[in-house]
Amino acid sequence: MTLFDVSEVEKAMNGLESQSSNSDGLRRVYKKMLESGPQRWVCKPASAAPLEQVMDDCPNFRGVLEDLSNHIELAVVNKRGLAMIPVLLAGAPGVGKTHFAKQLAKSLGLSYQFLSMGTMSAGWVLGGSAPTWSGARHGKIAASLIEGDFGNPLYLLDELDKTGGDSRFDPYGALLQLLERDTAQHFKDEYLDVSINASAIVWVATANDISLIPDYILSRMAVYEVPAPSQDEAFYIAQRIYDGLRAELDWAFEPELPAALYDLVTEIAPRDMRKKLLDAMACAVRGKRTQLLAAHIKATHVKQARSIGFTA
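Just so you know, this note's numbering puts 58 at position 5 of the sequence shown, and the rest follows in order with no gaps.
Below, the structure is given as structure tokens:
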């Protein structure tokens, strides 16, 4: 795909004031754009089969994955990159939303870009700042596309509902142009002031409370309510994580998690499961055991609950 028009970049660079210190940074970026060229690779899925692995790892995301499979099949028929409406994953903390996005990018061969919206204070972080500002620079979107090899990375907008900042520099404002495919084709970073084709970006956002997100953003996204995994799904997820940990560790652990751990293991949130199981396995190794016991799992709960402080 073509990321930008070379003649537009050349014109912008030629128009810079030669003696202006504010122009030095811009000139470097323009030169990098011309050196790297406007063409970028686009990952094109050959089938929806890779999503089966994601389904195994994240069974509570079945509804999302079924829709994504349809979009992938459409992309395969048209021999194009994945084109889909931005996805918003809404659900309680700990259900595995961020993990799902990472697994999705990995399964589709997409580069993964993480943006913490909860810590983003201004739209210029995404869309660049005016070159007249002190310390001005291009935003994260333009930077990743210019510096990357692919034009369709997966961007995770983590905790979209926690987006804050001064209303004059609203981070949501920068998303308006980016979330619409037609306008994203001519995205203009405020610092660079040249059109960049950001239309192939795959957008995935997470939120705990969608009521905090403006309607004009929600209307541009496909919203999915992600449930916590059922007990059976949670135990299945735990077994898969346990299998992966067994493969990493040089210890003869039993291949199956004991059924006696069912209630204890299924209480653990998906995002905490790997750490809890690894801690439990460490307890087992210390006790020279090859099978996890309830005491090993309970020990991780006690350690987490232990207070930290200073004593006189």
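Cβ atoms here follow ideal geometry from the backbone N, Cα and C, with glycine treated the same way.
Leucine 198 and alanine 251 closer than 8 angstroms at C-beta: yes
Distance between beta carbons of arginine 324 and histidine 152, contact taken as under 8 angstroms: 6 angstroms
Other residues of its chain near glutamate 70: CB distance less than 7 angstroms, five sequence neighbours each side excluded: Ser76
Test item: CB-CB of valine 107 and tyrosine 83 under 8 angstroms: no
Reduced DSSP category for valine 247 - H, G, I as helix; E, B as strand; rest coil: coil
Length of the line joining the Cα atoms of proline 184 and arginine 327: 45 angstroms
Inter-residue Cα distance where the pair is glycine 180 and arginine 339: 51 angstroms
Three-state secondary structure assigned by DSSP to alanine 275: strand
Cβ neighbour criterion (16 or more within 10 Å) applied to leucine 141: buried
Buried or exposed (CB count within 10 angstroms, at least 16 for buried), proline 146: exposed
Rounded C-alpha distance that separates leucine 210 from lysine 341: 43 angstroms
Where arginine 190 falls, given that 16 or more other Cβ within 10 Å makes a residue buried: buried
8 angstroms contact criterion, which phenylalanine 203 and arginine 93 should meet: CB distance rounded: 6 angstroms
Short Cβ contact (8 angstroms threshold) for asparagine 113 with leucine 163: no
Beta carbon of leucine 213 nearer than 8 angstroms to that of alanine 258: yes
Start-to-end residues for the alpha helix (DSSP H) that takes in alanine 333: 323–339
Continuous beta strand (DSSP E) stretch holding threonine 259: start and end: 255–260
Helix, strand or coil at glutamine 166 [DSSP, three-state]: strand
Contact test: aspartate 214 Cβ vs the ligand ADP heavy atom, cutoff 7 angstroms: Judged by which ligands are present, the structure shown has none, so any question about the ligand ADP falls away.
Cβ neighbour criterion (16 or more within 10 Å) applied to serine 169: exposed
Alpha-carbon spacing of glutamate 119 relative to serine 160, whole angstroms: 15 angstroms
With 16 other Cβ atoms within 10 Å as the buried cut-off, status of leucine 172: As written in the sequence, residue 172 is threonine, which differs from the leucine given in the question. Under this definition threonine 172 is an exposed residue.
DSSP state of aspartate 296 mapped onto helix, strand, coil: helix
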